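Asker:
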Amino acid sequence: MDLYVYYKVPDEHAAALLPLVRAMQSGLQARHGVAAQLKRRPLARDGVQTWMEVYPAVADDFEATLGEAAREAGLAALAGPRHTEVFMDLMTCA
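Going left to right, the sequence shown walks through residues 182 to 275 as this note's numbering numbers them.
1. Are the beta-carbon atoms of histidine 194 and leucine 259 separated by less than 8 Å?
2. Could you tell me which residues DSSP puts in a beta bridge with arginine 226?
3. Less than 8 Å separating the beta-carbons of leucine 209 and alanine 240?
4. For valine 229 versus proline 191, is the C-beta distance shorter than 8 Å?
5. Leaving aside the five residues before and after proline 200 along the sequence, list all residues of the same chain whose C-beta is less than 8 Å from its C-beta, in chain order.
6. Between the beta-carbon of valine 186 and the beta-carbon of threonine 265, is there less than 8 Å?
Have a look at this one:
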């Protein structure tokens, strides 16, 4: 499954949040072998950016691991609520 996490970031918190997210993702990559990605929408709206973390091909229990890592990293102090979506590959019919 692929895990997508999106959240709002006030412009004034973006510079402080970026190294926290990068460090969290580096730790997750080292401990769990995930190929984490960090993206954002091209434009901010009303001084707020939308960021998205992408974790492709993760185990079913990774969402709990990610939640704990985000808490430990203190991301909530600089960003809005985290919204998680799970997607899986579409199987084709034979």
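We treat Cβ as the ideally placed atom computed from N, Cα and C, and that holds for glycine.
All values reported here derive from a predicted model rather than from experimental measurement.
Answerer: Reading from the atomic positions:
1. yes
2. Val229
3. no
4. yes
5. none
6. yes
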